[in-house]
Amino acid sequence: SAVISQKPSRDICQRGTSLTIQCQVDSQVTMMFWYRQQPGQSLTLIATANQGSEATYESGFVIDKFPISRPNLTFSTLTVSNMSPEDNSIYLCSGRPPGLAGGETQYFGPGTRLLVL
Amino acid sequence: GQSLEQPSEVTAVEGAIVQINCTYQTSGFYGLSWYQQHDGGAPTFLSYNALDGLEETGRFSSFLSRSDSYGYLLLQELQMKDSASYFCAVGGGGFKTIFGAGTRLFVKA
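Chains as they are written, first to last, in my numbering: chain G, 317 to 433; chain U, 1152 to 1260.
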């Protein structure tokens, strides 16, 4: 199974500022994703991080607010821009091994807990 | 689109058996997966059913009925450490995964 690390693990930020979250996987995965999860809630997909090209965003999420990079197969970043208290959440990076379709095995990083004051 | 329904909470006693149900609606179904998430932790993959029937992995089993658009996760010999949230999930088109709202399992002594 893939081991996925994220940093920072948590941060407290001022509104209007931006935070970049890094995600590193220990083995090559074909797909990487970014999710948001509010306490006690389900996981909401923000976007699919595509290697070397623009990410594919889900409805309700836009590149200006959540720019994503994936320069290679094992690394991705998510930036939360112009933060507001509505961005208080846990941000999770995940990866899927090669050859598997949507709904199959996915591995998650430990998450980044963001608090915006 | 895709939608999944599962109970919000289930409570059971240590040593018992509990079943967490999941019904789904999806255009283009490949399989149903289950994830466990402890408070403050990351979701961890438990099982995946692509075909009808029961898959057993230790104390956990997962069942799928494609004709009924229904599946369940069965936890046997419940332990306190099984207290967690459990999510069912389906493919959301392409390589995406769509998660249900989650079932919070409370295991009592």
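Note that the Cβ used here is the ideal one computed from N, Cα and C, for glycine as well.
Quiz item: Do you know how far the Cα of F1180(U) is from the Cα of G1244(U)?
Solution: Within the second sequence, the letter at position 93 stands for residue 1244(U). Within the second sequence, the letter at position 29 stands for residue 1180(U). About 9 Å.
Practice problem: Would you check whether the ligand COA has a heavy atom nearer than 8 Å to the C-beta of V1258(U)? | Solution: Among the ligands in the structure shown, none appear at all, so the ligand COA cannot be discussed.
Quiz item: Nearest to A1280(U) by CA position, among R1210(U), Q1187(U), E1165(U), T1162(U), is which residue?
Solution: No statement about residue 1280(U) is possible, as the shown extent of chain U runs from 1152 to 1260 and does not include it.
Quiz item: Anyone know if the C-beta pair for Q322(G) and T428(G) falls short of 9 Å?
Solution: In the first sequence, the residue the question calls residue 322(G) occupies position 6. In the first sequence, the residue the question calls residue 428(G) occupies position 112. Yes, the pair counts as a contact, with Cβ atoms nearer than the cut-off.
Exercise. Consult DSSP for D403(G) and reduce its assignment to one of helix, strand or coil.
Key: As a first step, residue 403(G) is located in the first sequence; it is residue number 87 there, counting from the start. D403(G): helix per DSSP, three-state reduction.
Quiz item: Going by the CB atoms, is the gap between N1172(U) and L1283(U) shorter than 9 Å?
Solution: The displayed coordinates of chain U run from 1152 to 1260. Any statement about residue 1283(U) would go beyond what the structure contains.
Quiz item: At least one CB of chain G closer than 9 Å to the CB of A1252(U): is that the case?
Solution: As a position in the second sequence, residue 1252(U) is number 101, starting the count at 1. Chain G places a beta carbon closer than 9 Å to that of A1252(U), counting this residue as a contact.
Quiz item: If we cut at 9 Å on Cβ distances, does M347(G) have a partner in chain U?
Solution: Sequence index remark: in the first sequence, residue 347(G) carries index 31 (1-based). Answer yes: the Cβ-Cβ gap between M347(G) and chain U drops below 9 Å somewhere.
Exercise. For the beta strand (DSSP E) holding I1168(U), just list the boundary residues, first then last.
Key: Within the second sequence, residue 1168(U) is the residue found at index 17, counting from 1. Judged by DSSP secondary structure, I1168(U) falls outside any beta strand (DSSP E); it is assigned neither H nor E.
Quiz item: Nearest to S1178(U) by CA position, among A1260(U), I1249(U), V1258(U), F1257(U), is which residue?
Solution: Taking the second sequence and counting its residues from 1, the one referred to as residue 1178(U) is at position 27. With distances taken between Cα atoms, S1178(U) lies closest to I1249(U).
Practice problem: Pull up the DSSP beta-bridge partners for V290(G), would you. | Solution: Outside the displayed range of chain G (317 to 433) lies residue 290(G), so it cannot be described from this structure.
Self-check item: First and last residue of the uninterrupted beta strand (DSSP E) at T428(G)
Solution: Within the first sequence, the letter at position 112 stands for residue 428(G). Unbroken beta strand (DSSP E) run through T428(G): 428-432.
Quiz item: How would you label R352(G), buried or exposed, when you count the other beta carbons within 10 angstroms and need 16 or more for buried?
Solution: The sequence position of residue 352(G) within the first sequence is 36, counting from 1. Looking at its Cβ environment, which holds 16 or more other Cβ atoms inside 10 Å, R352(G) is buried.
Quiz item: So which residues on chain G does S1154(U) lean against when the C-beta distance must stay under 8 Å?
Solution: If you number the second sequence from 1, residue 1154(U) lands on position 3. What S1154(U) touches in chain G: nothing, since even the nearest Cβ is about 12 Å away.
Practice problem: Please name the residues in the segment 379-411 of chain G whose beta-carbon is closer than 7 Å to at least one beta-carbon of chain U, in chain order. | Solution: Sequence-ordered contacts of the segment 379-411 of chain G with chain U read L408 [C-beta pairs closer than 7 Å].
Exercise. Go through the segment 1171-1256 of chain U residue by residue and report every complete run of the beta strand (DSSP E) that reaches 3 residues or more, in order.
Key: The segment 1171-1256 of chain U contains these whole beta strand (DSSP E) runs: 1183-1188, 1195-1200, 1204-1208, 1211-1216, 1221-1226, 1235-1242, 1248-1250.
Quiz item: What is the rounded straight-line gap between the Cα of V341(G) and the Cα of M399(G)?
Solution: Taking the first sequence and counting its residues from 1, the one referred to as residue 341(G) is at position 25. Taking the first sequence and counting its residues from 1, the one referred to as residue 399(G) is at position 83. Distance between the alpha carbons of V341(G) and M399(G): 26 Å.
Practice problem: In angstroms with no decimal places, state the Cα-to-Cα distance between G1204(U) and E402(G). | Solution: If you number the second sequence from 1, residue 1204(U) lands on position 53. If you number the first sequence from 1, residue 402(G) lands on position 86. Cα to Cα, the separation comes out at about 42 Å.
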